[in-house]
Amino acid sequence: MSLTSKSVLVTGGAGFIGSHLVDRLIRESPSRVTVVDSFFLGSMENLDAARAAFPDLEVIRHDASDLAAMQDIVTARQVDTLFDLAVIPLPTSLTYPAWTVQTNVGIATTVCELARRDLIGRLFHLSSSEAYGSARYIPMDEDHPHDSITPYAASKSAADRIIESYVQTFEIDATVVRPFNNIGPRQNPGSYAGIVPIVIQRVLAGQPIEIFGDGEQTRDFIFAPQTADLIVAVHDAPECRGQVLNVASGTETSVNDLVRRILALMDAPDHPVVYGPDRPGDVRRHLADVSKMRQLLDREPPTLDDEALAQTIEWYRGVLA
Ligand SMILES: NC(=O)c1ccc[n+]([C@@H]2O[C@H](COP(=O)([O-])OP(=O)(O)OC[C@H]3O[C@@H](n4cnc5c(N)ncnc54)[C@H](O)[C@@H]3O)[C@@H](O)[C@H]2O)c1
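The sequence shown maps to residues 692 to 1012 in the working numbering.
Here is the structure:
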């Protein structure tokens, strides 16, 4: 089940997690690596390390929901495994809900069609813990109900259902990896930025940090390169084939605690923090049940240590300077 000498394709490979996955895949010595990205977000710079390590990396600027084009792309490259990470993110769905839903559902349907038509060997789709909504119980296992709050979450949940339907009806070979909150270098610092880039940016600019709500909302944070590592481990483990798997640390951290840790590492423990209204659709609690991952992969979940946070801060210092 190894990726060595395989032709792999990553949709959304110029994005945050996608580019870390491309770096990680290259270490497996695949024969061919192709990225399909629309560059709605993401950037070529995110792939600098990958291009240095694998000069034949092919980057195709295209919409991954375009079935005719994707059919041509995968056929010409005889793709063994397609990793589907292309997405329109949560904050965009608050401004452009219909387009976000149509695009995210369109991408999932397209990659399922490629599998149904036997044009790819295996499909790995990235779901999101957002599909669960706020925790009804803690920790949240893979069977936790989908109480999607935002249009983004609904599109992620719908994508999961579409994949499940293709597995049931057409027996496509699909595995769903469901990460919780990722942090790390290369997370878009511009429009639609996440909490970590915003905090670092505010400290560097000498502006107060604004937190939505009381900051006691919790998340299960994981370092993106560790997510990439786990995706490869899931790929290689025959026991994981066809499964839906949470990928997370199994540790609950409040936004206030995360901000405190970042401020301490930036030598700015007293930096002003102001609290605003709740963000529409913000989930209250998130903590993954990682027992399935622990059992199937026979490894302990990763923890978000200060070294990972420090690397993240350093990266933002570089791009925001
Ligand atoms: N970041 C997180 O914390 C997190 C948590 C859970 C799940 N996920 C999932 O992981 C995957 C990757 O997320 P990310 O955080 O790296 O997002 P990202 O926005 O950094 O990357 C997504 C990439 O997809 C590209 N893209 C958007 N629409 C496209 C289209 N129609 N065709 C081709 N490319 C398109 C963007 O340009 C971008 O480069 C997504 O499936 C997301 O739902 C992310």
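Glycine included, every Cβ here is placed at the ideal spot set by N, Cα and C. Because the structure is a prediction, the values reported are computed rather than measured.
Please go through the same chain and pick out, in chain order, the residues whose beta-carbon is closer than 7 Å to the beta-carbon of residue i, but skip the five residues on each side of it.
i, result
"S940", "D911, F912, I913, P992, P993, T994, L995"
"T1003", "I874, G875, P876, V887"
Closer than 6 Å by C-beta to residue i: which residues in its own chain qualify, once you throw out the five before and the five after it? Chain order, please.
i, result
"E749", "T725"
"R742", "L748"
"I1077", "Nothing can be reported for residue 1077: it is not among the residues displayed for the chain, which extend from 692 to 1012."
"H835", "Y823"
How should residue i be labelled, buried or exposed, when 16 other C-beta atoms within 10 angstroms of its C-beta is the threshold for buried?
i, result
"Y823", "buried"
"D989", "exposed"
"P971", "exposed"
"S819", "buried"
"V946", "buried"
"G729", "Reading off the sequence shown, one finds Ser at residue 729, where the question assumed Gly. When all chains shown are included, S729 counts as buried."
"L936", "buried"
"G933", "exposed"
"A999", "buried"
"V965", "exposed"
"M761", "buried"
"P870", "buried"
Can you check which of these residues, the options, is closest to residue i by C-alpha distance?
i, options, result
"D997", "M957, G706, P899, D961", "M957"
"R827", "H837, S819, S818", "H837"
"D980", "E821, S693, P830", "P830"
"S710", "D927, Y857, P916", "P916"
"M984", "I889, D920, V770", "D920"
"R813", "P782, I863, T841", "I863"
"T800", "D771, E855, D832, H835", "E855"
"Y1007", "N879, N937, G904, V938", "N879"
"P746", "I853, V713, V890, S734", "V713"
"L732", "P929, E833, H753", "H753"
"N872", "H816, Q859, N795, T918", "T918"
"A740", "R723, I751, R718, L758", "R718"
"R896", "L694, S722, L1011, M735", "The question names Arg, but residue 896 is Ala in the sequence shown. A896 has its Cα closest to that of L1011, out of L694, S722, L1011, M735."
"I900", "A924, S848, L954, D851", "L954"
Beta-carbon separation of residue i and residue j under 9 Å?
i, j, result
"V727", "G704", "yes"
"I708", "L805", "no"
"V802", "A755", "yes"
"I779", "Y787", "yes"
"Q908", "D973", "yes"
"I811", "V867", "no"
"I902", "G1009", "no"
"S720", "L694", "yes"
"F815", "L773", "yes"
Just to check, is the beta-carbon of residue i closer than 8 Å to a non-hydrogen atom of ligand 1?
i, result
"L817", "yes"
"P842", "no"
"Q878", "yes"
"F914", "no"
"V727", "yes"
"R985", "no"
"F861", "no"
"S756", "yes"
"H926", "no"
"T942", "no"
Enumerate in chain order the residues of its own chain whose CB-to-CB distance from residue i is below 8 Å, with the five nearest sequence positions on each side excluded.
i, result
"R976", "S825, A826, I829, Q908, T909, E943"
"A928", "M692, L987, L988"
"I751", "T725, V726, V727, D728, I764"
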